[in-house]
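A quick write-up on the structure given underneath.
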Amino acid sequence: INAEYGGTAESASEHPLGLAVTNHAKQLLDVDQLGTVVNFKSVPGMGISCTVTNVNQFFTDTTDLNTSDTYEVLIGNRAMVGEANVTVNEEVEMKMQEHENCGHTVVIVVIDGEIACLLTISDPIKGDAASAVELLASWGIKVYLLTGDNIRTAEAIAKEANIPRSRIFAKVLPKQKVSKIKWLQGNHK
Numbered sequence: 008i009n010a011e012y013g014g015t016a017e018s019a020s021e022h023p024l025g026l027a028v029t030n031h032a033k034q035l036l037d038v039d040q041l042g043t044v045v046n047f048k049s050v051p052g053m054g055i056s057c058t059v060t061n062v063n064q065f066f067t068d069t070t071d072l073n074t075s076d077t078y079e080v081l082i083g084n085r086a087m088v089g090e091a092n093v094t095v096n097e098e099v100e101m102k103m104q105e106h107e108n109c110g111h112t113v114v115i116v117v118i119d120g121e122i123a124c125l126l127t128i129s130d131p132i133k134g135d136a137a138s139a140v141e142l143l144a145s146w147g148i149k150v151y152l153l154t155g156d157n158i159r160t161a162e163a164i165a166k167e168a169n170i171p172r173s174r175i176f177a178k179v180l181p182k183q184k185v186s187k188i189k190w191l192q193g194n195h196k
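So the mapping is simple: the working numbering equals the position in the sequence shown, first residue as 1, plus 7.
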């Protein structure tokens, strides 16, 4: 997963998924400490960007590495990668869609302006989610799925939980969620 870069970059993140990526990288590399992060920027609901240094130490063959040991790293969704003028080619897009159709969140790791890899993250729904949704429906309560994930991932999760497609709100940024809930409440949905 390009653990040296991604794990180091996410070590500055406060997001639980960032912590998981960092811990996974440390485990893969069998180290307690990763590289150094500077100029860290988090964009809620989109991803992170930063400069990563001191990672060349993790490679046995440093022939093709940046001799300054300084790398620009972006880890984010399609929108953030697009804003950074990085093109997601058809092959990468197809691989992303394949994972999203399974209900996985896919983030793109960009190193020095080039897509290095994809990270897929899955947070499986609880086994009793579908029966809980059905019980609430029997009481006349409508259940909605409100997520920052894209529509493909949201639809796969909603299908597992028996939430109708018409009650899915995808690509909702964290700052938009409260207003979306208030809108639903105000419209007696």
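Glycine included, every Cβ here is placed at the ideal spot set by N, Cα and C.
(Q) Counting beta carbon pairs with one atom in the region 85-95 and one in the region 185-192, are three or more of them shorter than 8 Å? (A) The region 185-192 is not in contact with the region 85-95.
Q. CB-CB under 7 Å to Asp-76, same chain, minus the five flanking residues each way: which ones, in chain order?
A. These residues qualify, in order along the chain: Thr-60, Asn-61, Val-62 and Asn-63.
Q | Segments assigned beta strand (DSSP E), at least 3 residues, entirely inside the region 106-164 | A | Annotation: the region 106-164 contains the following complete segments of the beta strand (DSSP E) (minimum length 3 residues), in chain order: 112-118 and 121-128.
Q. For the alpha helix (DSSP H) that Ser-186 lies in, which residues bound it at each end?
A. Ser-186 -> alpha helix (DSSP H) spans 181-193.
Q | Test item: CB-CB of Ala-7 and Asn-157 under 8 Å | A | Examination of residue 7 is not possible in this model, given that the chain is present from 8 through 196 alone.
Q.
Can you confirm whether the region 113-128 touches the region 12-28 when touching is taken to mean that 3 or more C-beta pairs between the two stretches lie within less than 8 Å?
A. Taking 8 Å as the limit for Cβ pairs, the verdict is that the region 113-128 does touch the region 12-28.
Q. What's the gap between the Cα of Leu-153 and the Cα of Asn-194?
A. Going from the Cα of Leu-153 to the Cα of Asn-194 covers about 16 Å.
**Q.** Terminal residues of the beta strand (DSSP E) in which Leu-15 lies
**A.** This sequence places Thr at residue 15; Leu is not what is there. According to the DSSP assignment, Thr-15 belongs to no beta strand (DSSP E) but to the alpha helix (DSSP H) extending over 10-17.
Q | Reference Lys-48; option with closest CA among Asn-30, Glu-21 and Ser-173 | A | The candidate whose alpha carbon is nearest that of Lys-48 is Glu-21.
Q: Provide the residue(s) that pair with Phe-47 in DSSP beta bridges, ordered along the chain.
A: Residue pairing from DSSP leaves Phe-47 without any beta-bridge partner.
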